[in-house]
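**Student:** Mind the numbering: the sequence shown is residues 50 to 609 in my numbering, read in order.
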Amino acid sequence: MPIAPLRLTKAPLRPAARRCQGLLGLLKGRDRGYKWRELSAVSDEQPPPPQAAAVDDERKSPWPFVWLSTAAITISYADRSNIATAIIPMAADFGWSESEKGIILSSFLIGYAITQTLGGFLADRRGGRDVLTAGLTAWSFFTVLTPFAAHMGAIPLLLCRAGLGLGEGVAFPAVHSMIADYVPQSRQSTAVGIVTAGSYLGAFLAFLISPSLIVYLDWPATFYFFGILGLLWLPFWLQFDPETRHAATQTSLQLQPPPPIQRDAADTPSDRDDVPLTSADEADSPRESVGSSVTGEEACPLNGRQGGSDSGGGSDGDGDDKDTAGERRRVEGGGGGGGVDWARLASLLGRREVWAIILCQYCQSWGMFGLLNWLPTFMEEVYDVAMSKQALFTTAPYFLQGSVGLAAGRLADLLIADKQWRTKTVRQLLQTIGMVGPAVFLLAAVYTATSDVEAAAFIAVGTGLSALSLGAVSVNHLDVAPKYAGLVFGMGNTAGILAGALAVPVSGWVLDVTGKSWGAVFWIFAAHYLLGTMAFLGLVSDERIDLEEADARTLVPSRR
């Protein structure tokens, strides 16, 4: 007796859903999570090889993207941090006061603040790859241009530093938007910890390398070195396709889609029901798994053009894998061009969960940016540390900060996923330690330390503890607004940059009017840390914000 051919379906599902699932299998070219069952004759082709799914999973690993993005953030922070050391000989050459140094150091943050929300908006709407590419090209150019601008005068230098900030401002929002797209939720805290640790590594490298470059080659060399470093990274990023999580080059194994399914005339689209479909292997997928609500019409449209989140193609059935972030954005944004409009931006600003992030990042960044820009000057003026020895005292805080940052994200993931702690509790615990700790140890560096080594040790411990925030406020936007991750992060980071833009010149002004009282400066840092802790504890949430409708105010329970 003849044996009926085989057909790819999802079991168990009702008939209409099975037909729709078969069509999705055709469009996506994947066989994961499906069973081969004996049904009515539709095709005589053999199933694709079982190793194809494993290769597809390997190609979609998020870690190549994470490490490349970490390298970009490392270069970004090195480019902005090198002037903290170079400002000492620059001030001697150009005769700048402490207040003037503060204005020059903070001019970067003015440009940086402008492109924070814009970068997040563009990344959420169009994808972060091109946004990051444009930003890195711009900031590398302005880094190399800095010595020329300084010799032209104060105004050209201020404009150059602001241009550097404009380029770097899109980096973190673009990367965080891509993390929401490409990294499963169960690993997002780890990914954020790794990427953000790159910022500490960048500061570490700037403080480590810049003194030697200045001593042996003069201060312009540090800007040339780090500016060219960014341009050397660019070709690797351009060869990388985040949509496949791999280099853009083709592999020897080409994944082929299943053959077209032949249907009888009675099996028409009008007979089918539109249903939402999620296979078992997609349950932990990025952005959809953290808050998207895909309707049946979007997930399996059968009206000529397959525009859903997984098909990504037209109706031609060519089978190419186009399960891209851009397609997901169109589904999550409710169609159209995707992204977040200004009405939704206003809605986000009306949420206490968003204000927890904004206020906390503002207060935390006052101390972070203040210390980043003034630490070499503090060690030189208070403990008479020579330029040749600056690296010994200014690198330790950022090395320890990077080390703790790498562990903080993983610690948060373990407590939430493995230990089943509530997300809100983990965020509150880590953020409290990450802000109260720096406040205490910065004051100890001024009032308790009796030597340069002791002061550097106190500052290193406090700075290291601050990295615990990578498992707290730095990922809280992924808890409450995963669909708008780039935008919400940009809003919080904008607040943080504005704090830095105030902290750096205000610190210089305080030093001038108080006769260089570093105690007064560090007390202001500590007060901001404590105020930010109270604001975060009172406003933080782990409930997701659903803005699918223009006036939506619905909270969807988050993962505990």
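Every residue, glycine too, gets a C-beta built ideally from N, C-alpha and C.
Enumerate in chain order the residues of its own chain whose CB-to-CB distance from V524 is below 6 Å, with the five nearest sequence positions on each side excluded.
**Tutor:** As a first step, residue 524 is located in the sequence shown; it is residue number 475 there, counting from the start. The residues are S238 and V241.
**Student:** I want to know whether the segment 244-260 touches the segment 195-211 - three or more CB-CB distances under 8 Å.
**Tutor:** no
**Student:** Measuring alpha carbon to alpha carbon, tell me which residue in R459, G545, F585 and D528 is nearest M417.
**Tutor:** Indexing the sequence shown from 1 puts residue 417 at position 368. Among R459, G545, F585 and D528, the Cα nearest to that of M417 belongs to G545.
**Student:** Helix, strand or coil for D372? Go by DSSP, reduced to three states.
**Tutor:** Along the sequence shown, one-based indexing puts residue 372 at 323. At D372, the pLDDT of 40 sits below 50, so the modelled position is not reliable and the matter cannot be decided from this model.
**Student:** Just curious, the alpha helix (DSSP H) that I406 is in, first and last residue?
**Tutor:** By one-based count along the sequence shown, residue 406 stands at place 357. Unbroken alpha helix (DSSP H) run through I406: R401 to Y432.
**Student:** Tell me the DSSP secondary structure of R593 in three-state form.
**Tutor:** Taking the first residue of the sequence shown as position 1, residue 593 is located at position 544. Strand, per DSSP.
**Student:** Excluding the 5 residues preceding and the 5 following V389 in the sequence, name in chain order all residues of the same chain whose CB lies nearer than 7 Å to its CB.
**Tutor:** As a working note, residue 389 is residue 340 in the sequence shown. In this predicted model, V389 has a pLDDT of only 48, less than 50, meaning its place in the structure is not dependable; the value taken from the coordinates is given anyway. Spatial neighbours of V389 in its own chain (CB-CB distance under 7 Å, excluding positions within 5 residues in sequence) are listed in chain order as F170, D173, Y533 and L536.
**Student:** Below 6 Å CB to CB, which residues in the same chain sit around L280 once its five sequence neighbours on both sides are set aside?
**Tutor:** As a position in the sequence shown, residue 280 is number 231, starting the count at 1. So the qualifying residues of the chain are S189.
**Student:** Quick check on A162: buried or exposed, where buried means 16 or more other Cβ atoms within 10 Å of its Cβ?
**Tutor:** Residue mapping note: residue 162 aligns to position 113 of the sequence shown, counting from 1. With 16 or more other Cβ atoms from the protein chains shown falling within 10 Å of its own Cβ, A162 counts as buried.
**Student:** When we look at the beta-carbon of S401 and count the other beta-carbons within 10 Å, is it buried (16 or more) or exposed?
**Tutor:** Indexing the sequence shown from 1 puts residue 401 at position 352. In the sequence on display, residue 401 carries Arg and not Ser. Its Cβ having fewer than 16 others within 10 Å, R401 is exposed.
**Student:** I'd like to know whether the C-beta atoms of A405 and V589 end up nearer to each other than 8 Å.
**Tutor:** Here residue 405 refers to the residue found at position 356 when the sequence shown is read from its first residue. Here residue 589 refers to the residue found at position 540 when the sequence shown is read from its first residue. By the CB criterion at 8 Å, A405 and V589 fall inside the cutoff.
**Student:** Shortest alpha-carbon distance to S515 belongs to which of A506, G451, L185 and L560?
**Tutor:** In the sequence shown, residue 515 corresponds to position 466, counting from 1. Nearest C-alpha to S515 among A506, G451, L185 and L560: G451.
**Student:** By Cβ distance, which residues of its chain are closer than 6 Å to Q299, with the 5 residues on each side in sequence left out?
**Tutor:** Here residue 299 corresponds to residue number 250 of the sequence shown, with the count starting at 1. Caution applies to Q299, whose pLDDT of 38 falls short of 50 and renders its modelled position unreliable; the model cannot decide the point.
**Student:** When the Cα of E592 is compared with those of P222, L527 and P111, which residue comes out closest?
**Tutor:** Indexing the sequence shown from 1 puts residue 592 at position 543. When only C-alpha atoms are compared, the closest one is L527.
**Student:** If you measure between the beta carbons of F448 and F253, is that distance less than 8 Å?
**Tutor:** Locating residue 448 in the sequence shown gives position 399, counting from the first residue. Locating residue 253 in the sequence shown gives position 204, counting from the first residue. Their beta carbons are under 8 Å apart, which means F448 touches F253 by this criterion.
**Student:** To the nearest angstrom, how far is it from the Cα of V37 to the Cα of Q288?
**Tutor:** Outside the displayed range of the chain (50 to 609) lies residue 37, so it cannot be described from this structure.
**Student:** Rounding to the nearest angstrom, what Cα-Cα distance links W391 and S125 in this structure?
**Tutor:** Numbered from its first residue, the sequence shown carries residue 391 at position 342. Numbered from its first residue, the sequence shown carries residue 125 at position 76. Cα to Cα, the separation comes out at about 29 Å.
**Student:** DSSP three-state label for Q303, please.
**Tutor:** Translated into positions along the sequence shown, residue 303 becomes position 254. Note that Q303 scores 39 on pLDDT, short of 50, meaning its location in the model is unreliable; the coordinates nonetheless yield the value given after this. Three-state result, Q303: coil.
**Student:** Given a cut-off of 8 Å on the beta-carbon distance, is the pair T443 and L424 in contact?
**Tutor:** Translated into positions along the sequence shown, residue 443 becomes position 394. Translated into positions along the sequence shown, residue 424 becomes position 375. Yes.
**Student:** Can you say whether T563 is buried or exposed, counting buried as having 16 or more other CB atoms within 10 angstroms of its CB?
**Tutor:** On the sequence shown, position 514 is the one that residue 563 refers to. T563 is exposed by the Cβ-count criterion.
**Student:** Could you tell me the distance, in whole angstroms, from the CA atom of M540 to the CA atom of L213?
**Tutor:** To locate residue 540, count along the sequence shown from 1; it is residue 491. To locate residue 213, count along the sequence shown from 1; it is residue 164. Each residue's alpha carbon lies about 19 Å from the other.
**Student:** For the pair the segment 141-151 and the segment 558-574, tell me if three or more CB-CB distances fall below 8 Å.
**Tutor:** yes
**Student:** Leaving out five residues on either side along the sequence, give the residues of the same chain with a beta carbon under 7 Å from the beta carbon of T543.
**Tutor:** Taking the sequence shown and counting its residues from 1, one reaches residue 543 at position 494. If we look at T543 and ignore the five residues flanking it on each side, its Cβ neighbours are A162, Q165 and T166.
**Student:** What separation, rounded to the nearest whole angstrom, lies between the Cα atoms of A552 and W415?
**Tutor:** For the purposes of this step, residue 552 is taken as residue 503 along the sequence shown, with counting starting at 1. For the purposes of this step, residue 415 is taken as residue 366 along the sequence shown, with counting starting at 1. Whole-angstrom Cα-Cα distance: 5 Å.
**Student:** Using beta-carbon positions only, say whether G581 and C412 come within less than 8 Å of one another.
**Tutor:** Numbered from its first residue, the sequence shown carries residue 581 at position 532. Numbered from its first residue, the sequence shown carries residue 412 at position 363. In this structure, C412 lies closer than 8 Å to G581 by Cβ.
**Student:** Verify the CB distance criterion: does K468 have a CB-CB separation below 8 Å to chain C?
**Tutor:** Absent here is chain C; the protein component of the structure consists of one chain.
**Student:** Using only the alpha-carbon positions, how far apart do D462 and P138 sit?
**Tutor:** In the sequence shown, the residue the question calls residue 462 occupies position 413. In the sequence shown, the residue the question calls residue 138 occupies position 89. The straight-line gap from Cα to Cα measures roughly 44 Å.
**Student:** If the criterion is Cβ atoms closer than 8 Å, does the pair V219 and L158 meet it?
**Tutor:** For the purposes of this step, residue 219 is identified with residue 170 of the sequence shown, where counting begins at 1. For the purposes of this step, residue 158 is identified with residue 109 of the sequence shown, where counting begins at 1. For V219 and L158, no; Cβs fall outside 8 Å.
**Student:** If you compare alpha carbons, which of C209, W116 and A187 is closest to S156?
**Tutor:** Stepping through the sequence shown from its first residue, residue 156 is reached at position 107. The option with the nearest alpha carbon to S156 is C209.
**Student:** Quick one: measure Cβ to Cβ for L479 and S518, integer angstroms, because I've assumed they're closer than 8 Å.
**Tutor:** Within the sequence shown, the letter at position 430 stands for residue 479. Within the sequence shown, the letter at position 469 stands for residue 518. Confirmed, Cβ separation roughly 7 Å.
**Student:** Buried or exposed: V502, going by 16 or more other Cβ atoms within 10 Å of its Cβ?
**Tutor:** Position 453 of the sequence shown, counting from 1, holds the residue named residue 502. With fewer than 16 other CB atoms across the displayed protein chains lying within 10 angstroms of its CB, V502 is exposed.
**Student:** Can you list, in chain order, the residues of its chain whose CB lies under 6 Å from that of V510, leaving out five sequence neighbours each side?
**Tutor:** Stepping through the sequence shown from its first residue, residue 510 is reached at position 461. In its chain, beyond the 5 residues on either side, F490 have a beta carbon closer than 6 Å to the beta carbon of V510.
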